[in-house]
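Residue numbers (the numbering used here): 654 to 1108.
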């Protein structure tokens, strides 16, 4: 197959993906990013094209949509929609989080599930890819309302999951509280204590130490490895972290532990900026214990801290040097103009703590400027990697210490970095982590699919 034939075949397959999945912009974007990396792969490995692996890998094995009725505190019946897309199980049981957010629709879940397939493959762990969630918004809801919604959601979902079938975890809007309610309902319906059916559980009832911190820590470990390729470290670096949820919080903590200074983070209402560096313990208490907003943090912090209502996190690049940026909020939050501002501020590295937070234009701007860029499917794989470690502990009825689990996480992230870097060099693009991640993840899944036959 000649390169021109490969390009034509990829274009035809992508056109069919668009036709079969109309209106799902995020899924189209995620698929396009992978397709853009595969021409040289098909040239070297025509067996993937001959067996239609790419066509199959773009079609989920199963898509589940269901009604979620529940009763609010006022006695009114509310109706939400639930989703679970079981995308690919060639490497193991489906594995991926649940997202509760009003923006969730099928295209969101499919994009996240597609990304999850390759992210999970990069960890080297025996897990397939899937994703789920609902358009339910837990913000402003009482614990009772959240519990009743989770119980209704699990009443349908339970029949589709299992420790050897599909293992959900948390994501945006789904933390320890929601996982607890979901697991409780699963246990009640099945009359079985299958601790391996959900990850992100509380440490006292089957959870793993470091799971809470894992995605944020992992993104920083990946960024640290990228910086090492240029003889740099986080010591003395000025860092921006978007978001202020679980991923952002623990990315902030790990950056500070490694000697960096995080000067700003954000929420949906604005930006908390502090040239002296954010106070992690206060921020964690406001966000996790009080379920507060960044405006509350700034009010309690005082001093040099200021809250910029309605501002975008990347506008902080105008205030001075930025060495590292960690987008940890949501998809497409960092656009081309933001990337240009970061380049002008001298950014050395960008590592995605969220799923696809950078637009294609932003990625182009950063890579053309020579900025080290770690895509989400590699840089934020620490969360699912530690979920797989939680599954290991559940299967063996074991419990590991925090230092041991963190060291395993660091080793996995170092391995992902090494794999991406090696693959990019092998395919003639040294330093291109996007290419390295896409090809490395794809070939591992594709080889397993070939071995299992046409299923």
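Think of the CB as a built atom: it goes at the ideal place given N, C-alpha and C, for glycine as much as any other residue.
For residue i, three-class secondary structure by DSSP
i, result
"residue 928", "coil"
"residue 733", "strand"
"residue 977", "strand"
"residue 789", "coil"
"residue 866", "coil"
"residue 673", "helix"
"residue 821", "strand"
"residue 959", "strand"
"residue 707", "helix"
"residue 1035", "helix"
"residue 834", "helix"
"residue 694", "helix"
"residue 654", "Low confidence applies here, because residue 654 scores a pLDDT of 39, under 50, leaving its location unreliable; read the following figure in that light. DSSP places residue 654 in coil when its eight states are reduced to three."
"residue 815", "strand"
"residue 846", "coil"
"residue 1105", "helix"
"residue 987", "strand"
"residue 724", "strand"
"residue 1080", "coil"
"residue 747", "strand"
"residue 907", "helix"
"residue 1112", "Within the shown structure, residues of the chain are numbered from 654 to 1108, placing residue 1112 beyond reach of any answer."
"residue 879", "helix"
"residue 858", "helix"
"residue 1060", "helix"
"residue 687", "helix"
"residue 1066", "helix"
"residue 840", "helix"
Beta-ladder partner(s) of residue i, from DSSP
i, result
"residue 917", "893 and 926"
"residue 901", "Paired residues: none, contrary to the question."
"residue 784", "738"
"residue 719", "735"
"residue 763", "Its beta-bridge partners do not exist; DSSP assigns none."
"residue 753", "787"
"residue 1003", "978 and 1026"
"residue 936", "Residue 936 pairs with nothing; no bridge assigned."
"residue 1011", "987"
Classification of residue i by the beta-carbon crowding that lies within 10 angstroms, buried from 16 upward
i, result
"residue 677", "buried"
"residue 730", "exposed"
"residue 739", "buried"
"residue 1072", "buried"
"residue 838", "buried"
"residue 852", "buried"
"residue 664", "exposed"
"residue 700", "exposed"
"residue 974", "exposed"
"residue 881", "exposed"
"residue 654", "The predicted model places residue 654 with a pLDDT of 39, which falls under 50 and marks its position as unreliable; any figure quoted below should be read in that light. The residue in question, residue 654, is exposed, as its Cβ has fewer than 16 Cβ neighbours within 10 Å."
"residue 660", "exposed"
"residue 1105", "exposed"
"residue 1054", "exposed"
"residue 900", "buried"
"residue 1091", "buried"
"residue 864", "buried"
"residue 1024", "buried"
"residue 908", "buried"
"residue 756", "exposed"
"residue 669", "exposed"
Proximity to residue i [Cα-Cα], best of the options
i, options, result
"residue 876", "860, 864 and 893", "893"
"residue 1037", "951, 822, 831 and 695", "822"
"residue 953", "803, 697 and 934", "934"
"residue 687", "853, 897, 881 and 771", "771"
"residue 1056", "917, 861 and 969", "861"
"residue 680", "800, 945, 784 and 1023", "784"
"residue 684", "1075, 995, 1051 and 671", "671"
"residue 992", "983, 1010 and 982", "1010"
"residue 1051", "857, 760 and 788", "857"
"residue 869", "840, 824 and 890", "824"
"residue 1028", "1049, 1048, 1002 and 1039", "1002"
"residue 753", "743, 797, 1068 and 791", "791"
"residue 911", "889, 836, 923 and 1074", "889"
"residue 956", "939, 734 and 928", "928"
"residue 841", "1068, 872 and 804", "804"
"residue 905", "1032, 736, 923 and 872", "872"
"residue 758", "726, 1048 and 720", "720"
Taking 8 Å as the threshold, find out whether the region 759 to 767 comes into contact with the region 804 to 821 through three or more Cβ pairs. no
Any contact of the region 961 to 968 with the region 910 to 923, i.e. 3+ C-beta pairs under 8 Å? A contact exists between the region 961 to 968 and the region 910 to 923.
Below 8 Å, how does it come out for the region 1010 to 1026 and the region 1037 to 1047: are there three or more Cβ pairs, yes or no? no
Does the region 699 to 714 come into contact with the region 1087 to 1100, if we say contact requires no fewer than three beta-carbon pairs (one atom in each stretch) closer than 8 Å? yes
Specify whether the region 982 to 990 and the region 944 to 962 touch according to this definition: at least 3 beta carbon pairs, one from each stretch, less than 8 Å apart. No, the region 982 to 990 is not in contact with the region 944 to 962.
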